[in-house]
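There are 2 protein chains.
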Amino acid sequence: MPKLEFVFDFASPNAYYSYRALPSILQRTGAELKIIPVLLGGLFKITGNQAPFIAFGDVKGKLEYDMLESKRFQHKHGINDFVFNSHFPMNTIMIMRGLAAAVELDVETDYVESVLSAMWEQGKKMDDPEVVMDVWREAGLDADAIAGLIQTDAVKEALKLNTQAMADRGSFGVPTFYVGSEMFFGKERLGQVEEELLNFAT
Amino acid sequence: MPKLEFVFDFASPNAYYSYRALPSILQRTGAELKIIPVLLGGLFKITGNQAPFIAFGDVKGKLEYDMLESKRFQHKHGINDFVFNSHFPMNTIMIMRGLAAAVELDVETDYVESVLSAMWEQGKKMDDPEVVMDVWREAGLDADAIAGLIQTDAVKEALKLNTQAMADRGSFGVPTFYVGSEMFFGKERLGQVEEELLNFAT
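Here the protein sequences line up with chains B and C, keeping their order.
Going by this note's numbering, the first residue of the first sequence is number -13, and it counts up by one from there.
Going by this note's numbering, the first residue of the second sequence is number -13, and it counts up by one from there.
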């Protein structure tokens, strides 16, 4: 069974789009998904990169074109519930530590689904601890257990170590994908990711 | 017959890759190619954009990844003759004016083929007028006629007008493609370009 590694932070709308497009790719390829939680801000700091809305904010036409491609991507993959979050950009350290905690508690899939939906479908302010705790509770997650774990050095360190490890591996942004040693950056590479997973399987 | 408009400057290696990948796309879609000569430097100036090697020069991993994707693209499309030009970046105003002149002389296809090959396969210094004239002559083009035309206001203005018109239409870089009113930027969009051409044809 081929493995698809997904370098992930909730902060990125392109991570959301990609996650929504993945189920059919995983089904067609039989691949197993492994999410690698990182801090996008940390990755930017290590690599000297910056968010597209900053890097291209002054380039006439560029962000409009990126938005057009996002709409095309949504249309192609049947993504109908996206709403741009009016609180963007948000600090995602709490919900990313929560993801590292959810991995330990073996509730990763429910966690990702509920937090992604809150962030990129319901427009919630996901850097507000009370809002976040409510989202966790409403999803049926053990919010108190997660809130406890995210205070531990183990969870805090896991996220830092992942971030540094992915930068060392070549990542400079999110979403980044790995199939074995092959790296792919951006939602526009998912076609190539699928081809690589199919090659890997044969 | 659907029309594929290609906003083009020899300065861009990605324009070279795209041009080499186009014949099979044109064949499969029955589309007609229309090259729109622009000055990439002018487009950058109008839109506030800059070349990737400048914009991302300090981002760890980014240019290496772009190079990996260029190699994948070459492999996928059977492009075997590319050599990175050691004189890059070059001022392309002479060879771009030459392209506008070649359109008038109805020798556009031979012109593009010979100049692209000189630039991105033979590594010639294509901002040196003597080198350029030799390339034109060796390709069997009427070098003197072209050299005459590129001094005319009509040719100089055509290039400026194209550049402004494409910026007004949403272009901020090269290669940019249009199928009707649909815009696509970058060689990674050629799959979408082909789908759009096929949709257009039906």
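Quick reminder that beta carbons are idealized off the backbone N, C-alpha and C, glycines included.
Is B/Thr33 close to chain C? Criterion is C-beta to C-beta, closer than 9 Å. Reading the first sequence from its first residue, position 47 is the one you call residue 33 of chain B. Cβ-Cβ to chain C under 9 Å: yes for B/Thr33.
| field | C/Pro23 burial status per 10 Å Cβ neighbour count (16 or more: buried) | value | Stepping through the second sequence from its first residue, residue 23 of chain C is reached at position 37. So C/Pro23 counts as buried.
query = Are the C-beta of B/Ser56 and some C-beta of chain C separated by less than 9 Å?
reply = Reading the first sequence from its first residue, position 70 is the one you call residue 56 of chain B. With 9 Å as the cut-off, B/Ser56 does not count as an interface residue toward chain C.
Requested in this report: Whole angstroms is fine: what's the gap from C/Pro192's alpha carbon to C/Met53's?
Outcome: With chain C represented from -13 up to 188, any question about residue 192 of chain C goes unanswered, as that position is not in the structure.
Are the C-beta atoms of B/Ser100 and some chain C residue less than 9 Å apart?
-> For this step, residue 100 of chain B is matched to residue 114 along the first sequence. So no, B/Ser100 is outside the interface.
*Chain-ordered chain B contacts of C/Val45 [CB-CB under 8 Å]*: Indexing the second sequence from 1 puts residue 45 of chain C at position 59. Under the 8 Å cutoff, chain B gives Thr33, Gly34, Asn35 and Phe158.
Quick one: what's C/Lys20 bridged to in DSSP? Numbered from 1 along the second sequence, position 34 holds the residue referred to as residue 20 of chain C. C/Lys20 pairs with C/Glu(-9).
Q.
Counting only C-beta atoms, is C/Lys146 closer than 9 Å to chain D at any point?
A. Protein chains in the displayed structure are B and C, and chain D is not among them.
**Report entry** Exposed unless 16 or more other CB atoms sit within 10 angstroms - verdict on C/Glu182
**Finding:** As a working mapping, residue 182 of chain C is identified with position 196 in the second sequence. That one is buried.
So, under 8 Å CB-CB, C/Phe59 and C/Tyr3 are touching, yes? Tell me the CB distance rounded to an integer number of Å. Position 73 of the second sequence holds residue 59 of chain C. Position 17 of the second sequence holds residue 3 of chain C. Rounded, the Cβ-Cβ distance is 5 Å, consistent with contact.
Query raised in the report: Would C/Met169 count as contacting chain B if we go by Cβ distances under 9 Å?
Result: Counting from 1 along the second sequence, the entry for residue 169 of chain C is found at position 183. It does: the Cβ of C/Met169 has a partner Cβ on chain B nearer than 9 Å.
> Going along chain C, which residues have a C-beta under 7 Å from B/Lys142?
Replying inline: Sequence index remark: in the first sequence, residue 142 of chain B carries index 156 (1-based). Per Cβ cutoff of 7 Å: no residues; B/Lys142 is ~24 Å from chain C at best.
Using a Cβ-Cβ distance under 9 Å, would B/Ala153 count as near chain C?
Reading the first sequence from its first residue, position 167 is the one you call residue 153 of chain B. B/Ala153 counts as touching chain C.
| message | If I follow the unbroken beta strand (DSSP E) through B/Val160, where does it start and stop? | response | To locate residue 160 of chain B, count along the first sequence from 1; it is residue 174. Counting along the chain, B/Val160 falls outside any beta strand (DSSP E), and DSSP gives it neither H nor E.
*asked:* Within 10 Å of its beta-carbon, does B/Gln178 have 16 or more other beta-carbons around it, so buried, or fewer, so exposed?
replied: Residue mapping note: residue 178 of chain B aligns to position 192 of the first sequence, counting from 1. Buried, since its Cβ has 16 or more Cβ neighbours within 10 Å.
Q | Cutoff 9 Å: B/Lys173 Cβ touching any chain C Cβ | A | As a working note, residue 173 of chain B is residue 187 in the first sequence. It does not; no Cβ of chain C falls within 9 Å.
CB contact check: C/Gln178 to chain B, cutoff 9 Å
For this step, residue 178 of chain C is matched to residue 192 along the second sequence. Chain B contact via Cβ: present.
Classification of B/Asp154 by the beta-carbon crowding that lies within 10 angstroms, buried from 16 upward | Along the first sequence, one-based indexing puts residue 154 of chain B at 168. Exposed is the call here.
> B/Met152: which of B/Thr138, B/Asp139, B/Ser167 and B/Val141 sits nearest, CA to CA?
Replying inline: For the purposes of this step, residue 152 of chain B is taken as the residue at position 166 of the first sequence. Taking only the C-alpha atoms, the option nearest B/Met152 is B/Ser167.
- Message: Pull the bridge partners of C/Tyr164 from the DSSP assignment, please.
- Response: As a working note, residue 164 of chain C is residue 178 in the second sequence. Note: C/Tyr164 sits in a beta bridge opposite C/Glu(-9) and C/Met169.
Can you tell me whether B/Val69 is buried or exposed? The criterion is at least 16 other CB atoms within 10 Å of its CB, across all chains shown. Here residue 69 of chain B refers to the residue found at position 83 of the first sequence. It is exposed - the Cβ of B/Val69 has fewer than 16 other Cβ atoms within 10 Å.
- prompt: Residue range of the alpha helix (DSSP H) that B/Lys57 falls in?
  reply: Taking the first sequence and counting its residues from 1, one reaches residue 57 of chain B at position 71. Taken as a continuous stretch (DSSP letters only), the alpha helix (DSSP H) holding B/Lys57 covers Lys48 to Lys62.
- Indicate whether the contact test is met: 3 or more Cβ pairs, each with one atom in the region 98 to 106 of chain B and one in the region 1 to 21 of chain B, closer than 8 Å. yes
query: Could you give the distance in angstroms between the alpha-carbon of B/Val117 and the alpha-carbon of B/Arg175?
result: Against the first sequence, residue 117 of chain B aligns to sequence position 131. Against the first sequence, residue 175 of chain B aligns to sequence position 189. The alpha-carbon atoms of B/Val117 and B/Arg175 are separated by roughly 33 Å.
Reduced DSSP category for C/Gly126 - H, G, I as helix; E, B as strand; rest coil
As a working mapping, residue 126 of chain C is identified with position 140 in the second sequence. Of the three classes helix, strand and coil, the one that applies to C/Gly126 here is coil, per DSSP.
Would you call C/Lys48 buried or exposed, if buried means 16 or more other Cβ atoms sit within 10 Å of its Cβ?
-> Sequence index remark: in the second sequence, residue 48 of chain C carries index 62 (1-based). Buried: at least 16 other Cβ atoms inside 10 Å.
*Validate contact between the region 80 to 89 of chain B and the region 121 to 132 of chain B using beta carbons, cut 8 Å, 3 pairs*: yes
Do the CB positions of C/Leu85 and C/Phe170 come within less than 9 Å of each other? Position 99 of the second sequence, counted from the start, is the residue given in the question as residue 85 of chain C. Position 184 of the second sequence, counted from the start, is the residue given in the question as residue 170 of chain C. It is not a contact, given that the beta carbons lie outside the stated cut-off.
Practice problem: Over the uninterrupted alpha helix (DSSP H) stretch that includes C/Asp267, give me the two end residues. | Solution: The shown model of chain C, from -13 to 188, leaves out residue 267 of chain C, and the question about it has no answer.
- Query: B/Gly156 to B/Met(-13), Cα distance in whole Å?
  - Reply: As a position in the first sequence, residue 156 of chain B is number 170, starting the count at 1. As a position in the first sequence, residue -13 of chain B is number 1, starting the count at 1. In a straight line, the C-alpha of B/Gly156 is about 24 Å away from that of B/Met(-13).
- request: Could you tell me whether the region 133 to 142 of chain B touches the region 8 to 18 of chain B, where touching means 3 or more Cβ pairs closer than 8 Å?
  value: no
TODO: Would you tell me roughly how many angstroms separate the C-alpha atoms of B/His73 and B/Lys110, rounded to the nearest one?
DONE: If you number the first sequence from 1, residue 73 of chain B lands on position 87. If you number the first sequence from 1, residue 110 of chain B lands on position 124. Straight-line Cα distance between these residues: approximately 8 Å.
* If you follow the alpha helix (DSSP H) that C/Ile81 is part of, which residue opens it and which one closes it? -> Reading the second sequence from its first residue, position 95 is the one you call residue 81 of chain C. Run containing C/Ile81: Ile79 to Glu90, per the alpha helix (DSSP H) assignment.
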